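**Student:** Please find one structure pasted underneath; my questions will follow.
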Amino acid sequence: MALLNFKKRETVENGPVNPTVEAFLKDYSIEVMPRTAEKVEDFRALLPAGTRVYIAHIEGTPIEDMVATAKRLAAEGYPVMPHFPARIIKDAKTLENWIAMYQGEAGVEQALLLAGGVAEPHGDFHCSMQLMETGLFDKAGFKRLHVAGHPEGNKDIDPKGGDANVMDALRWKQKFNETTDAQMALATQFCFEAKPIIAWANGLKDAGIDLPIHIGIAGPAKLQTLIKFAIACGVGPSLKVLQKRAMDVSKLLLPYEPNDVVTELAAHKAANPDFNITNVHFFPLGGIKTNATWAINNGGASTRPVNPT
């Protein structure tokens, strides 16, 4: 049963790395939640200095838990980017209070703005554009604002299919980028095939949307876990990559690792330096330590943690 040896998967290997992958993984970011962050004894043993850590805000998570996680990560030296899901924020006063709490206790100066996976808004907001329209992030001096990108579309925004509404929203955000003092970028949903990602990114550029793209990549995880998350998150056609793997009995018990998609994207970036994907953003669906260890094994010097063990 060596294939299922969890500790073996988390062993740091100091072999040679692909230089294009190393360059592509430089300055990657990673996403945590308060409950997953609690399981990590010391982020400095896993993450490089300066790694941006997103904190996902799931419906029902108290803002106090979010701020405490941000404070802990900031104290360990990491810039934090909490989620601000529009549909769970009651009103502008609540938003202003959240911003004040994050800044007062954790020195937060960047945020991911998104609608949030809630069917019915809890209050006045239903989309990230409304959060931006309040002007509260610029008023608070936020230096960076990220918004969501959807390489395979979004059924919540375009329920009839296609990408008309998604593209309208991106054009609005592109225009907002010209007025805000904050640096903006797209942080995307994860998907599993490089070619559609490349075509989508090029299509945005052709449409005049030149916001940098931080591409979502699912970290190593059990195949069953990954398929469950992919379906729940509305991953589109690239889900077939996992489904095809699941039909191969020889691979069914092996953990999925993002080597193929990362290697192909890295090669494209190396061959096209002006390609608008600038960073990798990891969703550590198989665990933060597992994801960080994969990055260390594949990213060389660019992913070396602050306190390597």
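Just so it is clear: in the sequence shown, position 247 is 247 by UniProt numbering, and no numbers are missing. Glycine included, each C-beta is placed from N, C-alpha and C at the ideal position. Only a predicted model underlies this, so the values are computations on that prediction, with no experimental measurement involved.
Quick one: using the 10 Å Cβ neighbour count with 16 as the cut-off for buried, is Met1 buried or exposed?
**Tutor:** On the sequence shown, residue 1 is found 1 positions in, with the first residue counted as 1. The predicted position of Met1 is uncertain, since its pLDDT is 29 and thus under 50; a value taken from the coordinates is nonetheless stated next. Exposed, because fewer than 16 other Cβ atoms sit within 10 Å of the Cβ of Met1.
**Student:** Run the CB neighbour count on Thr290, radius 10 Å, all protein chains shown included, and call it buried at 16 or more, exposed below.
**Tutor:** For the purposes of this step, residue 290 is taken as the residue at position 290 of the sequence shown. Answer is buried; the Cβ neighbour count reaches 16.
**Student:** Hey, could you find the ends of the beta strand (DSSP E) Met33 is sitting in?
**Tutor:** What you label residue 33 is simply residue 33 of the sequence shown in a count that begins at 1. Here Met33 belongs to no beta strand (DSSP E), and DSSP marks it neither H nor E.
**Student:** For Phe142, which of Glu193, Met184, Gly123 and Asn276 has the nearest alpha-carbon?
**Tutor:** Residue 142 sits at position 142 when you count from the first residue of the sequence shown. When only C-alpha atoms are compared, the closest one is Met184.
**Student:** Assign Val249 to one of two classes, buried (16 or more other C-beta atoms within 10 Å of its C-beta) or exposed (fewer than that).
**Tutor:** Locating residue 249 in the sequence shown gives position 249, counting from the first residue. Any reading at Val249 must be qualified, since the residue scores a pLDDT of 49, below 50, and its modelled position is unreliable; the value itself is stated next. Answer is exposed; the Cβ neighbour count stays below 16.
**Student:** Our contact map puts Thr20 next to Ala266 with C-beta atoms below 8 Å; I'd like the distance itself, whole angstroms only.
**Tutor:** In the sequence shown, the residue the question calls residue 20 occupies position 20. In the sequence shown, the residue the question calls residue 266 occupies position 266. 4 Å between Cβ atoms; contact.
**Student:** In the DSSP assignment, what residue or residues form a beta bridge with Ala113?
**Tutor:** The count along the sequence shown starts at 1 and reaches residue 113 at position 113. What sits at residue 113 in the sequence shown is Leu, not Ala. Residue pairing by DSSP puts Leu113 in a beta bridge opposite Phe84 and Val147.
**Student:** Is the beta carbon of Asn298 less than 8 Å from the beta carbon of Asp27?
**Tutor:** Counting from one through the sequence shown, the residue named residue 298 turns up at place 298. Counting from one through the sequence shown, the residue named residue 27 turns up at place 27. Going by C-beta atoms, Asn298 is not nearer than 8 Å to Asp27.
**Student:** In chain order, what residues of the same chain have a beta carbon less than 7 Å from the beta carbon of Ala49, not counting five sequence neighbours either side?
**Tutor:** Along the sequence shown, read from residue 1 onward, the residue named residue 49 stands at position 49. Close CB contacts of Ala49 within its chain, under the 7 Å cut and outside five residues either way in sequence, are with Gly77 and Val306 (chain order).
**Student:** Among Pro258, Ala100, Leu95 and Leu211, which one has its Cα closest to the Cα of Met132?
**Tutor:** Counting from one through the sequence shown, the residue named residue 132 turns up at place 132. Closest option to Met132, Cα to Cα, is Leu95.
**Student:** Should Ala295 go down as buried or exposed, given a rule of 16 or more other Cβ atoms within 10 Å for buried?
**Tutor:** In the sequence shown, counting from the first residue as 1, residue 295 sits at position 295. By the 10 Å Cβ count, Ala295 comes out buried.
**Student:** Once DSSP output is grouped into helix, strand and coil, what is the label at Tyr102?
**Tutor:** The sequence position of residue 102 within the sequence shown is 102, counting from 1. In the structure shown, Tyr102 sits in a helix (DSSP, three-state: H, G or I).
**Student:** Determine the burial state of Lys8: buried for a count of at least 16 other Cβ atoms within 10 Å of its Cβ, exposed for fewer.
**Tutor:** As a position in the sequence shown, residue 8 is number 8, starting the count at 1. Residue placement at Lys8 cannot be trusted, given a pLDDT of 40 that sits under 50; the coordinates are not used to answer.
**Student:** Using the three-state DSSP reduction, which class does His281 fall into: helix, strand or coil?
**Tutor:** As a first step, residue 281 is located in the sequence shown; it is residue number 281 there, counting from the start. Of the three classes helix, strand and coil, the one that applies to His281 here is strand, per DSSP.
**Student:** Taking the straight line between their C-alpha atoms, what separation do you get for Glu41 and Asp181?
**Tutor:** Locating residue 41 in the sequence shown gives position 41, counting from the first residue. Locating residue 181 in the sequence shown gives position 181, counting from the first residue. For Glu41 and Asp181, the distance between alpha carbons rounds to 36 Å.
**Student:** Straight-line CA distance for Asp122 to Leu170?
**Tutor:** In the sequence shown, counting from the first residue as 1, residue 122 sits at position 122. In the sequence shown, counting from the first residue as 1, residue 170 sits at position 170. Note that residue 122 corresponds to His in the displayed sequence, not to Asp. Approximately 24 Å, taken between the alpha carbons.
**Student:** Taking the alpha-carbon of Pro273 as reference, which of Asp168, Ala23 and Ala56 has the nearest alpha-carbon?
**Tutor:** Taking the sequence shown and counting its residues from 1, one reaches residue 273 at position 273. Of the candidates Asp168, Ala23 and Ala56, the one whose C-alpha sits nearest the C-alpha of Pro273 is Ala23.
**Student:** Would you mind sorting Glu120 into buried or exposed? The rule is 16 or more other CB atoms within 10 Å of its CB.
**Tutor:** Along the sequence shown, one-based indexing puts residue 120 at 120. So Glu120 ends up on the exposed side.
**Student:** Can you tell which of Pro34, Ala140 and Glu264 has the C-alpha that lies nearest to the C-alpha of Asn97?
**Tutor:** As a working mapping, residue 97 is identified with position 97 in the sequence shown. The shortest C-alpha separation from Asn97 is found at Ala140.
**Student:** For the alpha helix (DSSP H) that contains Phe176, what are its first and last residues?
**Tutor:** As a first step, residue 176 must be located in the sequence shown, where it is residue number 176. Element bounds for Phe176: Ala164 to Asn177.
**Student:** By Cβ distance, which residues of its chain are closer than 7 Å to Pro16, with the 5 residues on each side in sequence left out?
**Tutor:** Along the sequence shown, read from residue 1 onward, the residue named residue 16 stands at position 16. Nothing meets the Cβ criterion.
**Student:** If you reduce the DSSP assignment to three classes, tell me which class His214 lands in.
**Tutor:** Here residue 214 corresponds to residue number 214 of the sequence shown, with the count starting at 1. DSSP, read as helix, strand or coil, puts His214 in strand.
**Student:** Here's a check: name, in chain order, each residue in its chain whose Cβ is nearer than 8 Å to the Cβ of residue 383, leaving out the five neighbours to either side.
**Tutor:** No answer is possible for residue 383: the residues shown for the chain start at 1 and end at 309.
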